[in-house]
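Residue numbers (this note's numbering): 193 to 580. Backbone N, C-alpha and C define an ideal beta-carbon position, used for all residues, glycine too. Take a look at the structure set out below.
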Ligand code: ZN
């Protein structure tokens, strides 16, 4: 990044509160002006991200969006106005940004990122901000950022809850270290199905904008290695420590992802996994069946094979569930009694199917897999368990 500190008088006036601010100052402001930040999605999250980055003086904003503004967007996508309904979001965002700060150059990408172009697009920017609302694009963006060595400022929102982190393989874990498997598509509603509180993307997007600015300035402590969880209904922030998964296919010790894959297919495959497990002989139990058996007092031990940070979000501990992360299972299986009836459980049912398969192969007699994992449990038995 070129850091020539020759702000014009108009810029000096505009950025006056930055120029006196510790960790920014004239050098930081010049750094912001030289920066190139890519915002993927000009929707709920992308709105505050693009507006605050523009106001702060980020010199070049890349914006990826192929969609048009519709009336249901206006409740939260505040970069667009009522008169923009029907226009390309890219055009509407460009106009709004020009209004906020004419010094900002917008590079528009009116396309849906695909495996064919994502790396090339990402390569041209210093920092990437993920404002997407679907899993295929999220995994695509993660892998493109890992392969291109770019920091990826992550945010996601649903209903009254949001999450944010910074995934940067050079400094911490990536999205796949957290979520090795995409959730089965029918189990996680999107905002269109589940609803979203209008102000929520304003908060989470502002956090993403803050992180992007800190990354450009190289100041402060970012969310790399931490997952921030926000519950607007209870007005609570929580934080989870994240670690790189040595087995991560993107950023682990022996990465298997060297080029971008077919993400639509990757995210659809999870849906077929329970059937796959059954074909391979792992018996399944539904959340309702498990709940009925637990209520009857049957001796059933639930084994949660997720990571400790996932357990903290919500678990079946009240039903006697035990936590043994999948990677620890081979070394800790002597903690389980091969005579007991075991129900393996994870987030969506994919990891626990592998765990069940493993235990069956080790001679455990009565092992089944909880179909749809804790996500489906939350849907069908106990909605107080947060989905993530
Ligand atoms: Zn990773």
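Answer yes or no: does any C-beta atom of chain C fall closer than 8 Å to that of residue 577?
Looking at the structure shown, chain C is missing, and only one protein chain is on hand.
Does the pairing of the region 314-324 with the region 226-239 give three or more beta-carbon distances under 8 Å?
yes
Closer than 7 Å: residue 387 CB and nearest the ligand ZN heavy atom
no
Taking the straight line between their C-alpha atoms, what separation do you get for residue 402 and residue 541?
35 Å
I need the straight-line Cα distance from residue 293 to residue 247, nearest angstrom please.
6 Å
Proximal residues to residue 220 (C-beta, below 6 Å), its chain only, five neighbours per side dropped:
409
Whole-angstrom distance between residue 300 and residue 462, CA atom to CA atom:
Residue placement at residue 462 cannot be trusted, given a pLDDT of 41 that sits under 50; what the coordinates show is reported in the next sentence. Each residue's Cα considered, the two are about 33 Å apart.
Quick check: what's the CA-CA separation for residue 440 versus residue 417?
15 Å
Measuring only the C-alpha atoms, how far is residue 530 from residue 579?
31 Å
Give me the residue from 516, 573 and 302 with the minimum Cα distance to residue 485.
573
Short of 7 Å in beta carbon distance, which residues of its chain neighbour residue 364, apart from the five on each side in sequence? Order them along the chain.
416, 417, 434 and 436
My output table needs one value for residue 317: the three-state DSSP class, helix, strand or coil.
coil
Would you kindly work out how many angstroms separate the C-alpha atoms of residue 468 and residue 544, rounded to a whole number?
Here the model assigns residue 468 a pLDDT of 43, short of 50, so the residue's position is not dependable, and the following value carries that caveat. In a straight line, the C-alpha of residue 468 is about 13 Å away from that of residue 544.
Thinking C-alpha only, which one of 494, 420, 375 and 550 is nearest residue 567?
375
If I'm right that residue 563 touches residue 476 with Cβ under 8 Å, what's the distance once you round it to whole angstroms?
5 Å
According to the neighbour-count rule (16 or more other Cβ atoms, all chains shown, within 10 Å of its Cβ), is residue 464 buried or exposed?
Bear in mind that the predicted position of residue 464 carries a pLDDT of just 43, short of 50, making it too unreliable to give a figure here.
If contacts are defined as beta-carbon pairs under 8 Å, then residue 547 and residue 518 qualify, I think. What distance do you get, rounded to the angstrom?
6 Å
Exposure label - residue 344; buried when at least 16 CB within 10 Å:
buried
Does the distance from the CB of residue 261 to the CB of residue 279 come in under 8 Å?
yes
Please list, in chain order, all residues of the same chain as residue 341 whose beta carbon is under 8 Å from its beta carbon, the five residues on each side excluded.
361 and 362
Which residues does DSSP pair with residue 210 in a beta bridge?
Its beta-bridge partners do not exist; DSSP assigns none.
Since I believe residue 443 is in contact with residue 366 (beta carbons under 8 Å), could you give me their beta-carbon distance rounded to a whole number of angstroms?
5 Å
When you measure from the CB of residue 214 to every non-hydrogen atom of the ligand ZN, does any distance come out below 7 Å?
no
Cβ of residue 444 versus every heavy atom of the ligand ZN: is any distance shorter than 7 Å?
yes
Local conformation of residue 493 per DSSP, three classes:
strand
Let me make sure I understand the geometry here. Which of 395, 407 and 457 has the alpha-carbon closest to that of residue 429?
395
For the pair the region 345-356 and the region 305-315, tell me if three or more CB-CB distances fall below 8 Å.
no
In the DSSP output, what is residue 560 paired with across the bridge?
535
At the level of alpha carbons, what is the spacing between residue 290 and residue 482?
56 Å
Residue 226 versus 554, 316, 494 and 212, residue with shortest Cα-Cα distance
316
Residues that residue 255 bridges to, as DSSP identifies them:
231 and 300
What do you reckon, are the CB atoms on residue 406 and residue 412 nearer than 8 Å?
yes
Would you tell me roughly how many angstroms separate the C-alpha atoms of residue 257 and residue 281, rounded to the nearest one?
7 Å
I want to check one thing, is the minimum distance from the CB of residue 309 to the heavy atoms of the ligand ZN below 7 Å?
no
Between residue 423 and residue 353, is the Cβ-Cβ spacing less than 8 Å?
yes
Buried or exposed: which applies to residue 502, given that a residue is buried once 16 or more other Cβ atoms fall within 10 Å of its Cβ?
buried
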